[in-house]
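Okay, so the sequence shown: first residue is 624 according to the working numbering, each after it adds one.
Positions of the beta carbon are idealized from the N, C-alpha and C atoms, including for glycine.
Everything numeric in this text was worked out from a predicted model, so none of it was measured.
Data block below; observations after.
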Amino acid sequence: MQHTSTLTPALKQYLIVTGNYWAFTLTDGALRMLVVLYFHQLGYNPLSIAMLFLFYEFFGVVTNLLGGWLGARIGLNRTMNIGLFLQIIALSMLLVPSEWLLIPWVMAAQALSGIAKDLNKMSAKSAIKHLVPDNGNGTSQHTLYKWVAVLTGSKNALKGVGFFLGGVLLTTLDFTGAIASMAVMLVLVWLFSITNLKQDLGKAKNKPRFNQLFSSSKAINLLSAARLFLFGARDVWFVVALPVYLATALDWEHWTVGSFLALWIIAYGIVQSVAPYITGIKTNSNRTNTTPPDGNSAVFWASILLLTPVAIALGLTFATDSSTTITAGILIIGLGLFGIAFAVNSSLHSYLIVSYARHDGVSLDIGFYYMANAMGRLIGTLLSGWLFQAYGLVTCLWVSALFIAIAGGVSLLLPKNDDARSRAASH
């Protein structure tokens, strides 16, 4: 407690925001794995399972667009707490008798969960812009990059724990018991957040108009387009196709699928957290200034990522008649390489959007960006179910490669540090 009292107010708020985000993400990851495995167990085909997440992803698109505007008007503390409350309601909707768990009802619960998740995420990412002091040089950008990386990486590591938790709970408890335990935990977090999160965090000085929802910044629009294809590339094979493939083609048990994907997400989150050191922060001779990542960095890391789904697709194609052990080995190694490259790309993009966003009304820009992120997830989720059911996992991987190539192409147009220095010199 004595050590906590020495923390700066900004760092205390950062810890509260991060803890809030962690708790929410744990339930979000567990809920996703529970729904995928439970309804596969009930006999739903991959496309039907994908449809369960249709509203989750669709309302994420709407929420990020409107949520950024709402956060700028009422404050990020309120939008974050609203997100927690809606997740509690979504979990409570799944506590009904099993015969009520029909597709329309589950889709409605997932819609609320999608709204909740993106309100919470948008609020957490936007808050960092206000909590990192801007001293006008590269050092502040270095700090911003590290804080964004830690928040994003730790969140995804806990999402992996949530995947593991979902698989284990479905094996050891029934669906209702798992949902109830998560709802109780989240109520306690919500009460703590209401009483401790700073009031009016992130509220814009000038109330934004509704027609300011769409970004007028070229850099943000380009980065948003790249983000859409980046996350579509991941979810087109990871969300539905991969778990069902592991459970059917490789005959893995539910807890094994959940544990494997959990470990992948945890490792992915750890890599995200250390992404600033992987991408490299250049310093000058007196080590007072830093050169943060730019558009060139985004292109380079997208190119590295592109190689991984291509390699996995080729490996699975040539291993068609091989044993399940060889197939599993290709997937495990391939997923590891894909996870490292994707984690760096994701963390890099997360830094760039916070860096590009204006300070007053930051949630507007970040909300627009994560709207594109949610759109990519929506497209990827739907394609994951349909392509896997119709054509198989290899086709999903080739579409993933196509999406990554598009994301890299768009990133070619992002601002470069050299361009910024040239403009500064000319003035």
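Of the listed residues the options, nearest to residue i (C-alpha basis)
i     : options                  : result
A890  : G962, L1005, L811        : G962
L649  : A732, G789, D741         : G789
L714  : A732, G1031, P727, T702  : A732
L811  : N643, V1017, L665, L699  : N643
W728  : V684, F815, L677         : L677
W770  : S1034, L781, L638        : L638
K744  : N687, I726, T766         : N687
T1077 : S746, T794, G800, V791   : Nothing can be reported for residue 1077: it is not among the residues displayed for the chain, which extend from 624 to 1050.
A870  : G959, W645, M656         : M656
G892  : W1021, A951, S1023, S777 : S777
L793  : T818, V859, W878, D858   : W878
L853  : N700, A872, S749, T1004  : T1004
L884  : G938, T931, L845, G959   : G959
N704  : L717, N668, T641         : T641
M994  : V791, I953, L846         : L846
F965  : S671, N779, D651         : N779
M805  : K1039, L717, I955, A849  : L717
T702  : L987, T795, V1022        : L987
S882  : F786, L939, S816, F798   : F786
Below-8 Å beta-carbon distance, residue i vs any chain D residue
i    : result
L675 : Given the protein chain composition of this structure (a single chain), no chain D is represented.
Whole-Å CB distance - residue i paired with residue j, under 8 Å assumed
i     : j     : result
L1037 : G855  : Rounded, the Cβ-Cβ distance is 18 Å, inconsistent with contact.
A772  : A898  : 5 Å
F647  : L724  : Their Cβ separation, rounded to whole angstroms, is 23 Å, which puts F647 and L724 out of contact at 8 Å.
L693  : L735  : Not a contact, Cβ separation roughly 16 Å.
E680  : A1030 : Contact flag wrong, Cβ pair sits at about 18 Å.
N968  : L1025 : In fact, because the Cβ distance is near 16 Å, the residues do not count as touching under 8 Å.
V581  : L660  : For residue 581 there is no data in the structure shown, the boundaries of the chain being 624 and 1050.
S1034 : V922  : 5 Å
L767  : S920  : The pair is not a contact, with the Cβ atoms about 15 Å apart (cut-off 8 Å).
I711  : W813  : 7 Å
L1020 : P932  : 5 Å
P916  : L975  : 7 Å
L820  : N700  : 4 Å
V1017 : A936  : 5 Å
First and last residue of the uninterrupted alpha helix (DSSP H) at residue i
i     : result
W723  : Per DSSP, W723 belongs to no alpha helix (DSSP H) and is neither H nor E.
S1023 : 1016-1034
V859  : 841-861
Y979  : 947-979
P866  : 864-871
A942  : Looking at the DSSP string, A942 is not in any alpha helix (DSSP H), and its letter there is neither H nor E.
W813  : 798-819
G892  : 877-896
Outcome for residue i when other beta-carbon atoms lying within 10 angstroms are tallied against a minimum of 16
i     : result
L1001 : buried
A946  : Here residue 946 turns out to be Ser, not Ala, going by the sequence shown. The residue in question, S946, is exposed, as its Cβ has fewer than 16 Cβ neighbours within 10 Å.
E722  : exposed
G666  : exposed
Q636  : buried
F941  : exposed
V684  : buried
Y900  : exposed
V784  : buried
F833  : Residue placement at F833 is poorly supported in this model, since its pLDDT is 48, which falls under 50; the coordinates are not used for a value here.
K841  : exposed
G800  : exposed
P720  : exposed
R910  : Unreliable positioning characterises R910 in this predicted model, as indicated by a pLDDT of 47, which lies under 50. A coordinate reading is not provided.
D874  : exposed
Y868  : buried
N907  : Residue placement at N907 is poorly supported in this model, since its pLDDT is 44, which falls under 50; the coordinates still yield a value, given next. N907 should be labelled exposed.
D858  : buried
K905  : Residue placement at K905 is poorly supported in this model, since its pLDDT is 47, which falls under 50; the coordinates are not used for a value here.
T902  : buried
T742  : In the sequence as presented, Thr is not what sits at residue 742; that position holds Leu. L742 should be labelled buried.
Y1014 : exposed
I1027 : buried
I955  : exposed
D797  : exposed
Heavy atom of the ligand COA within 7 Å of residue i beta-carbon
i    : result
N779 : As far as ligands go, the structure on display features none, and thus does not contain the ligand COA.
- Message: What ranges does the beta strand (DSSP E) occupy inside the region 670-703, keeping only unbroken runs of at least 3 residues that lie completely in it?
- Response: none
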